[in-house]
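J.: Numbering (the numbering used here), first residue to last: 1 to 354. Yeah, the Cβ is synthetic: ideal placement off N, Cα and C, and Gly gets one too.
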Ligand SMILES: [Zn+2]
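#1: How far does the alpha helix (DSSP H) with residue 232 in it extend, from its first residue to its last?
#2: Distance, Cα to Cα, residue 174 vs residue 145?
#3: Report yes or no: is there a C-beta of chain B within less than 9 Å of the C-beta of residue 221?
#4: Does the beta-carbon of residue 5 have 16 or more other beta-carbons within 10 angstroms, so that it is buried, or is it exposed?
#5: Relative to the C-alpha of residue 123, which residue among 96, 273, 157, 149 is closest?
#6: Can you tell me which residues form a DSSP beta bridge with residue 124?
#7: With hydrogens ignored, establish whether the beta-carbon of residue 71 is closer than 8 Å to any heavy atom of ligand 2.
#8: Quick one: complete beta strand (DSSP E) runs, 3+ long, within the segment 27-64?
#9: Below 8 Å on the Cβ atoms is my contact criterion, and I expect residue 181 with residue 152 to pass it. Report the Cβ-Cβ distance as a whole number of Å.
#10: Nearest to residue 326 by alpha carbon, out of 278, 270, 63?
#11: Determine the extent of the beta strand (DSSP E) in which residue 175 is found, giving its start and end residues.
#12: Taking C-alpha atoms, which residue in 184, 296, 274 lies nearest to residue 341?
#13: Start and end of the alpha helix (DSSP H) containing residue 221?
#14: Enumerate in chain order the residues of its own chain whose CB-to-CB distance from residue 346 is below 7 Å, with the five nearest sequence positions on each side excluded.
#15: Measuring only from the beta carbon, is residue 75 closer than 8 Å to any heavy atom that is part of ligand 1?
#16: Check whether the Cβ atoms of residue 358 and residue 20 sit closer than 9 Å, and answer yes or no.
#17: Are the Cβ atoms of residue 38 and residue 197 separated by less than 9 Å?
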């Protein structure tokens, strides 16, 4: 074992915990790398992150045991800053402007404009594929491989797909193409036939749930089921959905008033109750902590609202409210009527201010 292996700074932690078997299976391709690999599998399981790790490890100067990139050589340094001279990423412009990670599909309706004021494209355009020609004509750093990662491959339009096909038909030496897609059925059959297919497995439910729990997703089981067992899809759905619900809920906590309680409870009745209870607990904890130490832990962006509420409550009262909230948490899973439960919880909170 080299000294390198003893230093635990390699990239083995950079793939998702459910990907280790796939990673081991992928290592068999290393001996004789194909010209093109198509990574495919369900949406939201981390295919792009997986492919990027492979790209980094292929370019790494000193890969460690297990085939992981070392994380510390010059090549790895360039790679993590997207500055590696032998690496190109090709993806729709909207992914650059929206900062969407992983393999989520570009959504309908672009939300931001690009620098030239145009709506960023949701497709991989032919100019992007053509611009690879220059990249593939210059010699590589330390005469190694060059890698092109292209995703989501189903966003190639017919012009760019045909341009890519020409390149794949006459592969430039020393170049590895990696395509990522959750809809390989939408790719040109002629492109498919030129790629080695590598399927990424859906995680075991247990692994996915553990990861979601580690990432503090409440009601992970429900979100996972709604998203077909794909943990990253479940995570972002939970984040999106809960952001607007949480704003509504915290809005009431910030302005305690019995009048809107019934309508708020009605609007939130589909939100998982344990999630609501957790939000309230965090809110109360922040009030308490603000009062005692001036610090806010969970909702720093709500500092001003918390301050105005904390001024209206005594520390004793807050402590009692926290105890009550813990008790609510214990029964939250067994509530028969979510709406009544939420009404009771909010009315008890409003009652603190009598
Ligand atoms: Zn390295």
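T.: Per the coordinate set shown:
#1: 231-254
#2: Going by the C-alpha atoms only, they are around 5 Å apart.
#3: You won't find chain B in this structure, because it holds only one protein chain.
#4: Bear in mind that the predicted position of residue 5 carries a pLDDT of just 38, short of 50, making it unreliable; the figure below should be weighed with that in mind. Residue 5 is exposed by the Cβ-count criterion.
#5: 157
#6: 156
#7: As for ligand 2, it is missing from this structure, which binds only ligand 1.
#8: 36-40
#9: Right, the Cβ-Cβ distance comes to about 6 Å (below 8 Å), so this counts as a contact.
#10: 278
#11: 175-181
#12: 274
#13: 220-226
#14: 252, 261, 264, 265
#15: yes
#16: Because the chain is modelled from 1 through 354, residue 358 falls outside the range shown and cannot be assessed.
#17: yes
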